[in-house]
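Residue numbers (my numbering), protein chains in the order written: chain A, 113 to 342; chain B, 113 to 342.
Glycine included, C-beta positions come from ideal geometry on N, C-alpha and C.
The structure appears right after this line, and notes come after that.
Number of protein chains: 2
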Amino acid sequence: MPTKVLIVEDDGNIAELLHLYLEKEGFETQVAKDGGKGVELFRSFQPDLVLLDIMLPVMDGWTVLKKIRETDKTPVIMLTAKGETEDKVSGLEQGADDYIVKPFEMKEVLARIHAVLRRTGGEEEPQEKKLSFDKLVINLDSYELLVNGQRVDTPPKELELLYHLASSPNRVFTRNQLLDEVWGFDYFGDSRTVDVHIKRLREKLEGVSDQWRLKTVWGVGYKFELGPSA
Amino acid sequence: MPTKVLIVEDDGNIAELLHLYLEKEGFETQVAKDGGKGVELFRSFQPDLVLLDIMLPVMDGWTVLKKIRETDKTPVIMLTAKGETEDKVSGLEQGADDYIVKPFEMKEVLARIHAVLRRTGGEEEPQEKKLSFDKLVINLDSYELLVNGQRVDTPPKELELLYHLASSPNRVFTRNQLLDEVWGFDYFGDSRTVDVHIKRLREKLEGVSDQWRLKTVWGVGYKFELGPSA
DNA sequence: GGCTTGGGTGAATAATTTGTGAATTAGGGG
DNA sequence: CCCCTAATTCACAAATTATTCACCCAAGCC
């Protein structure tokens, strides 16, 4: 079953962004736009974790947190605007589990959600992000690329792209899919960007093995192709 | 989950014997009958320990060991016939963890497996907070840093940071992870702080060994990298 | 109270990666 | 075989990120 996250946030844009992003990451989410609805939804939705804004209509975040803590110890991450940071200590004292300062990046939110879930025991350790093929090791834990056992210096975006392609061998990804999935759905950029990264990867991987290759599927996109070359 | 053992051995009788005996003892085992299959199975099965014969068809034990060591530090116990014992030293030098001479008793094998697992941390053991690498000892019990056996005065935060990084060699930590895990999740501070501590550590550790280093992973974070420098 | 040391901050500087435009080459359909 | 579209490539600009320096604050210690 997916992990359930309740988002209590009155700013529609932020709420929507969190909603979309977390759904994409495999969470089940619900949004409440004020503190009162937040408490209601908490009771009915029974989330595994709560993202809670401090400044809210009807009932502020502190009060919501207090209500939640009367009955549950569900992890809560507070969202706060810059400058309210002095509230941090009191927030943690009142039972919040972590704190994120706006504006935040989605990656950051995700990392903290995982950190809190791990800390509170709601999540099992993820397995290592490592892929091996003939003469090739792609390791996203150490961010290194090994070709014939030799480290090859590779920038993060390139490595993430390669990892993404290689984690579904033979599957074709369109440029826009890759942009969405590697760069993030909120990235707006030319799809030629992908081509350039593919090129730089090909330079590093040229002639290493005939058991796999980065193949262009004309008119569609790219794939990491496995098997002996034709 | 049971401990996984990969058996690479071409003699069917011995392989079968090891297989049966270890399964009975609660291990999960897989058997490869030649070196090539051994390497393949190693990648897919991802064992916790390998029993590796030296004399093998297709690819000999030394080569298999080398391939394994390119990417993993999984413990390996070499199996050798009587008379090949002069290989022992070179075997251990090449990264084998132990050595068993045929013919052997099953009890002997079991004892050595447990010993190696204990030694390499694959099995529970009360552990002191001490890490050693080439020319470097990090001791969090005494809060001491030893470089070439010499004590180097190091403030607590720096030492904790180094210890944390070095306790998961090669794994990349983001600045926020480090702030969470070393400074505490309730610490609120700039992530430049991490940079400064890294710098101070680097000053202390500069040029000590080429077997490890504090490496920046651009766009991601830092890691304690093991292995000869590229 | 003054002094020393560890820890943290902000800003200037340096280093790299990443993205883009334009020119070039290759592919596929008619 | 030609044309149009897509892909590749290059060089460069821009954005991002890391390093470093100088300095401040606070705690612990004479």
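is_contact[residue i, chain B] using C-beta, thresh 7 Å
i, result
"A/ALA415", "In this structure chain A extends from 113 to 342, so residue 415 of chain A is not present and cannot be described."
"A/TYR299", "no"
"A/ASP253", "yes"
"A/VAL249", "yes"
"A/ALA278", "no"
"A/SER244", "yes"
"A/ALA193", "no"
"A/ALA208", "no"
"A/GLU144", "For the record, residue 144 of chain A in the displayed sequence is Ala; it is not Glu. Not one chain B Cβ lies under 7 Å of A/ALA144."
Distance between residue j and residue i (C-alpha atoms, nearest Å)
i, j, result
"B/ASP322", "B/LEU338", "9 Å"
"A/LYS145", "A/GLU121", "5 Å"
"B/VAL306", "B/LYS335", "12 Å"
"A/ASP246", "A/LEU313", "16 Å"
"B/GLY296", "B/ILE180", "37 Å"
"A/ILE250", "A/MET190", "36 Å"
"B/ARG263", "A/VAL213", "41 Å"
"A/PHE300", "B/ASP265", "49 Å"
"B/ARG230", "B/ASP184", "18 Å"
"A/GLU217", "B/ALA208", "45 Å"
"A/ASN125", "A/VAL143", "12 Å"
"B/SER156", "A/PHE157", "40 Å"
"A/SER279", "B/LEU291", "30 Å"
"A/GLU128", "B/THR232", "48 Å"
"B/ASP302", "B/LYS242", "29 Å"
"B/PRO281", "B/LEU248", "13 Å"
"A/THR175", "A/ASP123", "18 Å"
"B/PRO268", "B/VAL259", "16 Å"
"A/GLN289", "B/LEU130", "48 Å"
Exposure of residue i, with buried meaning 16 or more beta-carbon neighbours within 10 Å
i, result
"A/LYS136", "exposed"
"B/ARG325", "buried"
"A/ALA193", "exposed"
"A/MET113", "exposed"
"A/SER244", "buried"
"B/PRO215", "exposed"
"B/LYS149", "buried"
"B/ALA223", "exposed"
"B/GLY319", "exposed"
"B/PRO340", "exposed"
"A/ASP298", "exposed"
"B/LEU132", "exposed"
"B/ASP253", "exposed"
"B/LYS327", "buried"
"B/GLY261", "exposed"
"A/PRO159", "buried"
CB contact check: residue i to chain A, cutoff 7 Å
i, result
"B/THR266", "no"
"B/ASN260", "no"
"B/THR183", "yes"
"B/GLY124", "no"
"B/GLY331", "yes"
"B/ASP172", "no"
"B/ARG155", "yes"
"B/ARG287", "no"
"B/ARG304", "no"
"B/PRO238", "Note on B/PRO238: pLDDT 45, under 50, position unreliable in the model; the coordinate value appears next. No - not a single Cβ of chain A is within 7 Å of the one on B/PRO238."
"B/ASP307", "no"
"B/VAL151", "no"
"B/VAL176", "no"
"B/VAL120", "no"
"B/ARG283", "yes"
C-beta atoms of residue i and residue j nearer than 7 Å
i, j, result
"B/LEU177", "B/VAL188", "yes"
"B/ILE284", "A/TYR255", "The residue asked about is misnamed: residue 284 of chain B is Val in this sequence, not Ile. Yes, the Cβ-Cβ distance between B/VAL284 and A/TYR255 is below 7 Å."
"A/SER115", "A/PHE139", "The sequence shown places Thr at residue 115 of chain A, not Ser. For A/THR115 and A/PHE139, yes; Cβs fall inside 7 Å."
"A/VAL228", "A/ASP210", "yes"
"A/VAL294", "A/GLU272", "yes"
"B/LEU168", "B/VAL117", "no"
"B/LEU164", "B/GLY173", "yes"
"A/ARG287", "A/GLY331", "no"
"A/THR141", "A/ILE119", "yes"
"A/HIS226", "A/GLU270", "no"
Paired residues, beta bridge with residue i - DSSP
i, result
"B/VAL162", "B/LEU118, B/VAL188"
"A/ARG304", "According to DSSP, which records beta bridges pairwise, A/ARG304 is partnered with nothing at all."
"A/LYS327", "A/LYS335"
"A/THR141", "A/VAL117"
"A/SER254", "Partner(s): none; A/SER254 has no beta bridge."
"A/GLN239", "Paired residue(s): none; A/GLN239 is not in a bridge."
Residue i Cβ short of 6 Å to the ligand ATP heavy atom set
i, result
"A/ARG325", "Of ligands this structure carries none, so the ligand ATP is not represented either."
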